Structure formats: structure tokens, C-alpha cells
Amino acid sequence: MALPSGATIGIIGGGQLGRMLAMAAARLGYRTAILEPQADCPAAQVANIHVAAAYDDADALDRLADMVDIVTYEFENVPVAAAKRLAAKAGIFPPPRALEVAQDRLVEKTFLNSIGIATAPFLAVDSDEDLAEGLSAFGGSGILKTRRLGYDGKGQRLFRDASAAEAEGVFAAMGSVPLILEGFVPFEREISIIAARAQDGSIMAYDPAENVHRNGILHRSTVPAAISDEVAQKAMDAASAILSALDYVGVIGVEFFVLGDGILLANEIAPRVHNSGHWTEAACVISQFEQHIRAIAGLPLGVTARHSDCVMENLVGDDVSRAQALLSEPDLVLHLYGKAEPRPGRKMGHFTRIGRK
Ligand code: AMP
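Our numbering applies: residue 15 is where the sequence shown begins, and numbers increase by one.
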């Protein structure tokens with residue numbers, strides 16, 4: 015049943031993704047309540063209600079459940095216990111199972127392989143000995159990552175032509191937390207798919223974006239990506255398989271590596287709207303944000319075809335000083351997140367340049 019206009023949607027997390035979800039919800043006639051400890055966060059600036067509390071505050075979760083008709087989230091590290099508590103009281107989309115899979119790189123890659131989606135080779139690392147064995151199995155090269163709570167390249171260490179002796183002391187230096195060693199993928203490009211699954215099981219995917227990172231943070235997404243139709247179709251099929259296997263409702267972002275011979279390896283699942291889908295607000299009739307709200311509200315999904323080619327770029331830290339100059343460019347859509355201080359590495363906004371198709 016579709017959520018009636020005037021209903022309230024709870025959003026866990028108060029960052030820019032929550033902000034853009036709240037704006038899309040408002041356009042469809044919904045109210046929003048944000049759960050976020052930080053005062054004056056980007057999402058609360060445009061929402062109806064701000065519950066200023068920790069994500070695992072049981073009392074605040076119950077208060078949120080009482081004031082909303084449905085809950086969603088804007089980041090993948092929402093405590094699973096909090097998501098389950100809300101699921102029991104108000105209903106939450108995407109399902110908590112998607113959080114469990116996305117929060118742990120080992121669980122995530124094991125899940126992907128189990129449904130026939132290829133990834134980089136990987137091994138669990140819980141000691142220096144595991145790492146030494148893994149490095150020799152992968153020919154001395156690989157990327158060591160924390161299994162949990164790593165994003166934007168944080169909590170990672172690269173090995174090239176490393177001997178087993180180089181493993182010594184690494185487990186402790188990485189914080190003595192569960193790790194995963196991935197074989198190093200000599201990819202030609204990185205792409206992502208933004209797709210949505212509705213409550214009736216229908217699936218719509220946007221065109222793949224080609225992504226370039228700087229210092230581990232997304233810098234630019236270009237659409238169309240320079241890939242063949244076959245590779246694009248393979249990526250869309252993989253995203254669909256993930257959505258169906260998780261009985262998912264909402265928008266998902268899936269990142270892939272494309273190798274020279276067209277081989278596609280999935281890298282990461284984000285159970286939420288995704289930075290590499292921001293271009294959809296400028297180059298598609300229905301943005302990823304509206305698509306997510308439509309899906310969780312039980313409304314029909316919108317068409318995902320793009321009306322324009324485009325390039326989206328993030329404004330990170332002091333890049334935001336370019337904002338005024340950018341506004342004088344024709345065919346450019348600017349989006350700022352309402353953050354006061356432009357700290358290094360902080361996403362302050364983004365812009366999308368529209369080209370002609
Ligand atoms: P992640 O945190 O897994 O998204 O990794 C951040 C970035 O590191 C990716 O976007 C890639 O550019 C690079 N990277 C991650 N894993 C690998 C891998 N197994 N092989 C080569 N590059 C990788």
C-alpha cells in the first residue's frame with residue numbers, strides 16, 4: 015500500500031544524502047524526521063523534525079518510531095540492532111539484512127560470490143601469519159582492508175611485491191581488528207550502478223557511471239561510461255541479482271572494477287543512495303533520491319533513462335570556494351550541503367555539467 019501524502023518518513027543519518035532524500039520526500043508531499051546526534055546537520059536543515067540523539071539510543075529510536083510511518087537510512091553503518099528495533103515498530107527499508115551484508119567486507123564478498131557475482135580474490139586476515147600466507151597466495155600484492163567501518167579508502171594498506179616478512183607487526187598496526195586481504199585488481203576503470211527495487215519486486219537501473227577517485231574520495235562521475243553495452247548489461251544484471259537476493263526495497267549503489275578484457279568484478283555494495291548517482295538529479299527526470307522515496311513509500315518507480323550526458327564533480331574541502339564562479343556557467347546544476355566549515359576531505363557540495371546527448 016502506498017504511503018499517503020502527509021505521512022512522515024524517518025531518516026537515520028543527517029548528512030548530505032539524508033538532506034537530498036528529505037528534499038525529494040518533501041516534493042512528494044511527505045514530512046521527514048532525522049535521527050542524528052550532530053546539531054544543525056545538513057539533513058535537519060531541510061527536514062520537519064530533528065531527533066538529536068545517538069543512532070543506538072533506544073529511547074530516541076522508540077520516539078522516532080512513534081512519530082514516523084516508515085524509516086530509511088542514509089549510511090551503511092547504522093547499528094543493525096537499531097535497524098531491527100525500528101523494523102519491529104515502524105518498518106524499515108532497505109531491510110536490515112542489507113546492512114549486515116554491507117557492513118563487513120568479508121560477508122559482502124562471500125555473499126556476492128554465493129550469488130554468482132565475481133569479486134577480487136580475498137582472504138580473512140586475523141593475524142600477521144594470515145597476512146603472510148595471503149601475500150604469498152596473491153604473489154606479494156594485495157590491498158589489506160579493515161572488514162568493518164572502512165570507507166573512502168580509510169583503513170587500507172597497499173602491498174606491492176611484498177615478502178612474507180613485511181607482514182610482521184601489520185595486524186597490530188591496523189588496530190588488531192578483523193581484516194580482509196584482497197588481491198590487487200589491475201582495473202582499467204571503475205564504474206557504478208545505481209538501481210532501485212520497489213515493494214512489488216520491480217527493478218529499474220540508471221546507466222552506469224564511470225568514477226575517478228582522488229585521495230580515496232570520489233572526484234568525478236561521467237555518464238556514459240566508456241564501456242561496451244555488454245559490460246553495462248552485465249553490471250545491471252549483477253545489481254538486479256543483488257537486489258532480488260536481498261529482497262531489497264529502495265536504491266542501492268554497486269561499485270565495480272572493469273578489467274581490460276571486459277571482465278567485471280564487484281567491489282562494494284552501498285545499501286543507500288550513492289555519491290556516484292548524484293548526476294541523476296540533473297540528467298534524469300527522476301533522481302536517485304526521488305526513486306528511493308518512491309520505492310520505500312510503495313509508489314511506482316520512475317523511469318531511469320537519462321536525457322543528457324553529464325559529468326558530476328564533488329566539491330571537497332576548499333573546492334567549495336569555486337561555487338559562485340560555477341554558477342555563471344550555463345548547463346550546470348550546483349548543489350551545496352549547508353556545511354559551515356570546509357575541512358580537508360569534507361564533501362561540501364557537488365555540481366553536474368550537462369552536455370548534449
Ligand atoms: P574501497 O574502500 O573498497 O571502495 O576502495 C577504495 C578504492 O581503492 C577503490 O575505489 C579502488 O580505486 C581502490 N581499490 C580497492 N580495492 C582494490 C583492489 N582489490 N584492487 C585494486 N584497487 C582497489
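Using N, Cα and C, we set each Cβ at its ideal position, and we do this for glycine too. Computed from a prediction, not measured in an experiment: that's the story for all the values here.
**Assigned exposure category for Gln247 - 16 Cβ within 10 Å defines buried** = exposed
**Request:** For Asn328, count neighbouring Cβ atoms within 10 angstroms of its own Cβ and tell me buried if that reaches 16, exposed if not.
**Result:** buried
**Request:** From the DSSP output, read off the bridge partner residues of Gln170.
**Result:** Lys159
**Whole runs of the alpha helix (DSSP H) within the region 95-122, excluding any shorter than 4 residues** = 110-116
**Request:** Using beta-carbon positions only, say whether Ala14 and Ala146 come within less than 9 Å of one another.
**Result:** Residue 14 lies beyond the residue range present for the chain, which begins at 15 and ends at 371; the question has no answer from this structure.
**Item:** With 16 other Cβ atoms within 10 Å as the buried cut-off, status of Asn289
**Value:** buried
**Request:** Could you work out which residue in Val226, Arg41, Ile241 is closest to Ser235 when comparing CA atoms only?
**Result:** Val226
**Asked** Is Ser155 closer than 9 Å to Ala176 when the C-beta atoms are compared?
**Response** yes
**Asked** Could you give the C-beta distance for Ala210 and Gly264, rounded to a whole number, given that I count them as a contact under 8 Å?
**Response** 7 Å
**Straight-line Cα distance separating Gly148 from Lys361** = 35 Å
**Item:** Simplified DSSP state of Ile208, which is helix, strand or coil
**Value:** strand
**Request:** Using only the heavy atoms of the ligand AMP, determine whether one of them is closer than 8 Å to the beta carbon of Glu90.
**Result:** no
**Request:** Note down, in chain order, each residue of its chain lying with its Cβ closer than 7 Å to the Cβ of Gly312, except the 5 sequence neighbours on either side.
**Result:** Met15, Ala16, Leu17, Gln213
**Asked** Contact check, Ile25 vs Ala57 under 8 Å by CB: the rounded distance?
**Response** 6 Å
**Request:** Would you mind giving the Cβ-Cβ distance between Phe173 and Leu158, rounded to the nearest angstrom? I have them listed as a contact below 8 Å.
**Result:** 7 Å
**Prompt:** Is the CB of Ala280 under 9 Å away from at least one CB in chain B?
**Reply:** Absence of chain B from the displayed structure is noted, only one protein chain being present.
**Asked** With C-beta atoms as the reference, is Phe201 less than 9 Å away from Val272?
**Response** yes
**Request:** Pull up the DSSP beta-bridge partners for Ser235, would you.
**Result:** Asn225, Met326
**Request:** Would you mind listing the beta strand (DSSP E) stretches within the region 27-92 that are 3+ residues and don't spill past its ends, in chain order?
**Result:** 45-49, 63-65, 84-87
**Item:** Secondary structure of Met15, DSSP reduced to three states
**Value:** coil
**Request:** Compute the minimum distance between the beta carbon of Phe134 and the heavy atoms of the ligand AMP, and state whether it is under 8 Å.
**Result:** First, the amino acid is wrong: residue 134 is Ala here, not Phe. Result yes, Cβ under 8 Å from the ligand AMP.
**Request:** Could you check if Glu122 is buried or exposed, using at least 16 other CB atoms within 10 Å of its CB as the buried criterion?
**Result:** buried
**Prompt:** Just to confirm, are Ala239 and Ile205 a CB contact at a threshold of 9 Å?
**Reply:** yes
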